[in-house]
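Numbering (the working numbering), first residue to last: 86 to 161. Ideal Cβ positions, reconstructed from N, Cα and C, are used throughout, including at glycine. Computed from a predicted structure; not experimentally measured. To keep things clear, I will list the structure first and then write my remarks on it.
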Amino acid sequence: VLAQSARDAGFQHPLLDTMLSTEADEWSQRVMDDLAWAADRDITAVPTFVIDDAMVIPGAQDTSMFVRILRKLADK
Numbered sequence: 086v087l088a089q090s091a092r093d094a095g096f097q098h099p100l101l102d103t104m105l106s107t108e109a110d111e112w113s114q115r116v117m118d119d120l121a122w123a124a125d126r127d128i129t130a131v132p133t134f135v136i137d138d139a140m141v142i143p144g145a146q147d148t149s150m151f152v153r154i155l156r157k158l159a160d161k
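Written out as structure tokens, the structure is:
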């Protein structure tokens, strides 16, 4: 049902059937690993941007914010 719903919505990706098939456990584990990684960093907002695994930027930000952050990191 999920795969057909995705196709009906126009989602056509070669990994769709793989992700929803017998290999789903591997993909499920990847998601769980990503959730654990985010929890270790106290990430609760979507979107959250992580730069160089050192700086966490929660929420949507404007371009000027990213420019300032990247310049600050480049100066280190």
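Test item: CB-CB of A158 and D138 under 8 Å: One detail in the question is off: residue 158 reads as Leu in this sequence, not Ala. No.
T142 (DSSP reduced to helix, strand or coil): The amino acid occupying residue 142 in the given sequence is Ile; Thr does not appear at that position. DSSP places I142 in strand when its eight states are reduced to three.
Hey, quick one: how far does the beta strand (DSSP E) through V135 stretch, first residue to last? T133 to I136
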